[in-house]
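Asks:
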Amino acid sequence: MTKLPKVPALPVTETDPIELQIGRRIRALRLERDITLDQLAIEVKLTKGQLSKIENGKVSSPVSTLTRIAAALSVEPGSFFQSAHPAQPRAALVRRAERKSIAGRGSKIGHSYESLAFGLPFQKDFEPYLMRIDEKVIDPAKNSFRHPGHEFLFMLKGKMDYRHGEQIYHLGPGDSLFFDGTIEHGPSAVYGPPIEFLSLISNP
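In the numbering used here, the protein residues as written are 51 to 254.
#1: Mapping DSSP to helix, strand and coil, what is Ser-162?
#2: Looking at the structure shown, is Gln-217 part of a helix, part of a strand, or coil, going by DSSP?
#3: Per DSSP, Glu-177 forms a beta bridge with which residues?
#4: By the three-class DSSP mapping on this structure, what secondary structure does Ile-76 have?
#5: Using DSSP with H/G/I as helix, E/B as strand and the rest coil, what is Ser-110?
#6: Decide if Tyr-241 is buried, meaning its Cβ has at least 16 other Cβ atoms within 10 Å, or exposed.
#7: What would DSSP say about Pro-198, mapped onto helix, strand or coil?
#8: Can you round the beta-carbon distance between Phe-176 and Met-205 to whole angstroms, since I take them to be within the 8 angstroms contact cut?
#9: Given Ser-102, which residues of its chain have a CB within under 8 angstroms of its CB, disregarding the five upstream and five downstream residues?
#10: For the 8 angstroms Cβ check, are there 3 or more pairs between the region 215-223 and the region 186-197?
#11: Measure how close the beta-carbons of Ala-147 and Gly-169 come, nearest whole angstrom, since I'm counting them as under 8 angstroms.
#12: Helix, strand or coil for Ile-152 per DSSP?
#13: What separation, rounded to the nearest whole angstrom, lies between the Cα atoms of Ser-92 and Lys-98?
#14: Can Leu-96 and Arg-80 be called in contact, C-beta distance under 7 angstroms?
#15: In this structure, does DSSP put Lys-103 in helix, strand or coil?
#16: Among the candidates Glu-185, Asp-184 and Leu-166, whose CA atom is the shortest distance from the CA of Pro-178?
#17: Does DSSP classify Phe-168 as helix, strand or coil?
#18: When DSSP builds the beta bridges, which residues end up paired with Pro-237?
#19: Would you call the CB atoms of Gly-208 and Ile-245 closer than 7 angstroms?
#20: Over the uninterrupted alpha helix (DSSP H) stretch that includes Asp-230, give me the two end residues.
#21: Express the C-alpha separation of Ser-252 and Lys-174 in angstroms, rounding to a whole number.
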């Protein structure tokens, strides 16, 4: 592999947009590992242009894309959200008005994701999200997901049928579901939207 010159990464501050914070950390990690933009793009199945936009904070990346990039760089996905100041307390408070809306696996079909933990000065074992479904009718075929690790759901509002493999679970407020994320899963029907639930996804 050709040795690249060490190019100092631009500093990351907590006042930067979350997309820019993530992009600069990805670029810093790539340069530390002497990996070219082309090499990483091929590894994570993106075009060079797409990866460049991510590194420059011009796009919001789906969780699945960040997971592939993290694997290629041999880090946990949560490292992209770490604070640049390691001396900070190992805890982070996120006020309701400060939640970060991000792109997730279901964003294209109307699901919304809010990150409940970001900018942390340490790696996380899981990613917590507040998820919302506003559609009155959903297509089960489009609501099919699969990812490494485990996932935990906790229902807050509304009711839904949730499929995991061949099993259907009816969930209402206060119900929870823990499952293997490598098996196909996703909501198959909703009742009384909007549906709101917590989703905790492990970082394997």
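Here a beta-carbon is modelled for each residue, glycine too, at the ideal position from N, C-alpha and C.
Replies: A quick look at the data gives this:
#1: Looking up residue 162 in the sequence shown gives position 112. DSSP places Ser-162 within a strand segment (E or B) once states are collapsed to three.
#2: For the purposes of this step, residue 217 is taken as residue 167 along the sequence shown, with counting starting at 1. Of the three classes helix, strand and coil, the one that applies to Gln-217 here is strand, per DSSP.
#3: Your numbering for residue 177 matches position 127 in the sequence shown. Bridge partners of Glu-177: Ile-251.
#4: In the sequence shown, the residue the question calls residue 76 occupies position 26. The three-state reading of DSSP puts Ile-76 in helix, counting H, G and I together.
#5: For this step, residue 110 is matched to residue 60 along the sequence shown. Coil at Ser-110, not helix or strand.
#6: Residue 241 sits at position 191 when you count from the first residue of the sequence shown. Exposed.
#7: Position 148 of the sequence shown holds residue 198. Pro-198 falls in the coil class under three-state DSSP.
#8: Residue numbering aside, residue 176 sits at position 126 when the sequence shown is read from its first letter. Residue numbering aside, residue 205 sits at position 155 when the sequence shown is read from its first letter. Contact flag wrong, Cβ pair sits at about 18 angstroms.
#9: As a first step, residue 102 must be located in the sequence shown, where it is residue number 52. Result list for Ser-102: Leu-87, in chain order.
#10: They do not touch, by the three-pair rule.
#11: Taking the first residue of the sequence shown as 1, we reach residue 147 at position 97. Taking the first residue of the sequence shown as 1, we reach residue 169 at position 119. About 15 angstroms; that fails the 8 angstroms criterion.
#12: Counting from one through the sequence shown, the residue named residue 152 turns up at place 102. Correct three-state label for Ile-152: strand.
#13: Against the sequence shown, residue 92 aligns to sequence position 42. Against the sequence shown, residue 98 aligns to sequence position 48. In the sequence as displayed, the identity of residue 92 is Ile instead of Ser. One C-alpha to the other measures close to 8 angstroms.
#14: Taking the sequence shown and counting its residues from 1, one reaches residue 96 at position 46. Taking the sequence shown and counting its residues from 1, one reaches residue 80 at position 30. Contact flag unset, no.
#15: Looking up residue 103 in the sequence shown gives position 53. DSSP places Lys-103 in helix when its eight states are reduced to three.
#16: As a working mapping, residue 178 is identified with position 128 in the sequence shown. For Pro-178, the closest of Glu-185, Asp-184 and Leu-166 by C-alpha to C-alpha distance is Leu-166.
#17: Taking the first residue of the sequence shown as 1, we reach residue 168 at position 118. DSSP places Phe-168 in the coil class of the three-state scheme, outside both helix and strand.
#18: Along the sequence shown, read from residue 1 onward, the residue named residue 237 stands at position 187. Paired residue(s): Tyr-212.
#19: Along the sequence shown, read from residue 1 onward, the residue named residue 208 stands at position 158. Along the sequence shown, read from residue 1 onward, the residue named residue 245 stands at position 195. For Gly-208 and Ile-245, yes; Cβs fall inside 7 angstroms.
#20: Position 180 of the sequence shown, counted from the first residue, corresponds to residue 230. For Asp-230, there is no enclosing alpha helix (DSSP H); the enclosing beta strand (DSSP E) covers residues 226-230.
#21: Locating residue 174 in the sequence shown gives position 124, counting from the first residue. Locating residue 252 in the sequence shown gives position 202, counting from the first residue. In this structure, the CA atom of Lys-174 is about 9 angstroms from the CA atom of Ser-252.
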